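Asks: This is the structure I have questions about; it appears just below.
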Amino acid sequence: MATPQQPAPLLTAEDLAVGYFLSKKTPRPVAGPLRLALWPGELVCLLGPNGAGKSTLLRTLAGLQPPLGGRLELGGRPLAAMGAAERARQLSVVLTDRVDAGNLAVRELVRLGRHPHTGWLGGLSAHDEARVQAALEATGTEAFADRPVGELSDGERQKVLLARALAQDTPVVLLDEPTAHLDLPNRVALMRLLHQLARTTGKAILLSTHELDLALQAADRTWLLPADGALRTGTPEDLVLSGAFAAAFAREGLAFDAATGTFALHAPTGPPVQLVGEGAAAFWTRRALEREGFVPTAGPAALRVTAPAGPGPWLSQAAGQSAQSHVTIEALLLALRQTSNKQMVG
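First residue of the sequence shown? That's 1 in full-length UniProt numbering, and the numbers climb one at a time after it.
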């Protein structure tokens, strides 16, 4: 039985160095040398701390600024050898730069995405109009397709720019912080949409984002760019388990919890608490204990908390004392504070 062949990557880079020039002859490297590949049907999230060079890397991959060194190919051809029109048929970009759309309506702006595929007169065929309509529907912008772009909120405008990129119908889509101006439900919806588009259309979609929790859930592959510019690539799970993810975002007083996929906001100041239980109640009890400064642990401790498996009370017990029952986490925390204070005084 023949083994299916893996498709070729749509974009590749070898020994790529990115950065900018302080003067005509003085390069300022930001990251590199990098070895990269974008594959069909994958959503890739570019993550890293502020100042690591994520936007610089995206702009270099998009051909908007030259690399400082190395090889960069799009569709098997050197990117530097492509004209603007050819590149626009292979790659679409959504940047954080504000677009001045003048008096254009939403549908008119999305139609501009078809420009690389039209003749010199710029007339749109029935096929072009169908691609525009599909992009409006996919991004949820059809409802205000006739409104002027200047009247839109930042979040609505961002979705329209994504619709324009989808109407461009390129194999590769690059997005810089596409969720920056969206509320939480729309951020989740957009990440879900991008993942579905990569799967159903075979596009390679690369986006930079600070939405770390959503990226860990949605990305097929992660490009992790720490401050030292040495890119790590792999599935989100592999980068988390290897410790690379926590190291990239290490800050004083801030730690990444690989068990929950979240950053710890609160430094422990109180005693350890043995937490017994599983499921949603145990998860949120742990969150509440950590917020109060306690250190939840599975091993024995002077304080013990049992989270209910279903409807029922929480139980707390200090060493040498009888168990107490609490109907809410709020009541549990109050009792633990009192017990902890007594132990400190004692």
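Beta carbons: idealized from backbone N, C-alpha and C, even for Gly.
On a predicted model such as this, the values are computed, not experimentally measured, just so you know.
Are the segment 107–116 and the segment 139–150 in contact at 8 Å, needing three or more beta carbon pairs?
Replies: The segment 107–116, when compared against the segment 139–150, does touch it at the 8 Å Cβ threshold.
Asks: Please state whether the Cβ-Cβ distance between Arg71 and Ala13 is less than 8 Å.
Replies: In this structure, Ala13 lies closer than 8 Å to Arg71 by Cβ.
Asks: At which residue ranges does the segment 261–302 contain complete beta strand (DSSP E) runs of 3 or more residues, listed in the order of the chain?
Replies: You should have 262–264, 272–276 and 295–297.
Asks: Would you report the Cα separation of Gln338 and Asn186, rounded to the nearest angstrom?
Replies: Taking the straight line joining both Cα atoms gives about 42 Å.
Asks: Between Ala85 and Pro226, is the Cβ-Cβ spacing less than 8 Å?
Replies: No, they are not a contact pair.
Asks: Return the CA-CA distance between Thr328 and Glu42, expressed in angstroms with no decimal places.
Replies: Using only the alpha carbons, I get a separation of about 44 Å.
Asks: What does the Cβ neighbour count give for Glu151, buried or exposed, with the cut at 16 atoms within 10 Å?
Replies: Its Cβ having fewer than 16 others within 10 Å, Glu151 is exposed.
Asks: Pop quiz: Leu333 and Ala288 are said to be a contact at Cβ under 8 Å. What is the actual Cβ separation, rounded to whole angstroms?
Replies: Between Ala288 and Leu333 the Cβ distance is about 6 Å, and since that is below 8 Å, they are a contact.
Asks: Ends of the beta strand (DSSP E) at Asp15?
Replies: Per DSSP, Asp15 belongs to the beta strand (DSSP E) from Leu11 to Phe21.
Asks: Check the DSSP bridge columns for Pro27 and list the partner residues they point to.
Replies: For Pro27, which the question treats as bridged, DSSP gives the partners Phe21.
Asks: Work out the CA separation of Leu74 and Ala134 for me, nearest whole Å.
Replies: Rounded to the nearest angstrom, the two C-alpha atoms are 25 Å apart.
Asks: So, using beta-carbon positions, are Gln274 and Val172 closer together than 8 Å?
Replies: No, the Cβ-Cβ distance between Gln274 and Val172 is not below 8 Å.
Asks: With respect to the alpha helix (DSSP H) encompassing Thr233, which residues constitute its N-terminal and C-terminal limits?
Replies: Per DSSP, Thr233 belongs to no alpha helix (DSSP H); it is in the beta strand (DSSP E), Arg232 to Gly234.
Asks: If you draw a straight line from the C-alpha of Asn341 to the C-alpha of Gly270, how long is it?
Replies: So the two alpha carbons sit approximately 10 Å from each other.
Asks: Which of helix, strand or coil does DSSP assign to Ala2?
Replies: Residue placement at Ala2 cannot be trusted, given a pLDDT of 47 that sits under 50; the coordinates are not used to answer.
Asks: Please give the ranges of any alpha helix (DSSP H) in the segment 169–238, keeping only runs that are unbroken, at least 4 residues long and fully inside the region.
Replies: Those alpha helix (DSSP H) runs which fall completely within the segment 169–238 and span 4+ residues are 184–201 and 212–218.
Asks: Please report how far the alpha carbon of Leu336 lies from the alpha carbon of Leu315, in whole angstroms.
Replies: Roughly 11 Å between the two C-alpha positions.
Asks: May I ask you to report which of helix, strand or coil DSSP gives Asp257?
Replies: Strand, per DSSP.
Asks: Among the residues of its own chain, which have a CB less than 7 Å from the CB of Glu330, if the five just before and after it don't count?
Replies: Excluding residues within five positions, none has a Cβ falling inside 7 Å.
Asks: Give me the Cβ distance between Gln324 and Arg304, rounded to the nearest whole Å; I'm assuming they're in contact under 8 Å.
Replies: Incorrect: roughly 11 Å between the Cβ atoms, too far for contact.
Asks: In the structure shown, what three-state DSSP assignment does Ala318 receive?
Replies: Of the three classes helix, strand and coil, the one that applies to Ala318 here is strand, per DSSP.
Asks: Three or more C-beta pairs closer than 8 Å, one from the segment 229–239 and one from the segment 27–41: is that the case here?
Replies: Because the criterion of three Cβ pairs below 8 Å is met, the segment 229–239 and the segment 27–41 touch.
Asks: Report yes if the CB atom of Thr96 is closer than 8 Å to the CB atom of Asp176, and no otherwise.
Replies: Yes, they are a contact pair.
Asks: Just the C-alpha distance for Ala2 and Pro40, rounded to the nearest angstrom, thanks.
Replies: Residue confidence for Ala2 is low, a pLDDT of 47 falling below 50, so the modelled location carries little weight; the figure read from the coordinates is stated next. The straight-line gap from Cα to Cα measures roughly 21 Å.
Asks: So, Leu22 versus Val94, is the Cβ gap smaller than 8 Å?
Replies: Going by C-beta atoms, Leu22 is not nearer than 8 Å to Val94.
Asks: Ignore the nearest five residues each way along the sequence and tell me which others in Pro308's own chain have a CB closer than 6 Å to its CB.
Replies: Answer for Pro308: Ala281, listed in chain order.
Asks: In whole angstroms, what is the alpha-carbon distance linking Ser153 and Ala130?
Replies: Going from the Cα of Ser153 to the Cα of Ala130 covers about 26 Å.
Asks: Alpha carbon to alpha carbon, how far is Leu194 from Pro296?
Replies: Approximately 37 Å, taken between the alpha carbons.
Asks: Can you round the beta-carbon distance between Ser208 and Ser322 to whole angstroms, since I take them to be within the 8 Å contact cut?
Replies: No, Ser208 and Ser322 are not in contact; Cβ-Cβ is about 55 Å, not under 8 Å.
Asks: Compute the beta-carbon to beta-carbon distance between Gly261 and Asp213, rounded to the nearest angstrom, for a pair I have assumed lies under 8 Å.
Replies: Contact holds; Cβ gap of about 6 Å.
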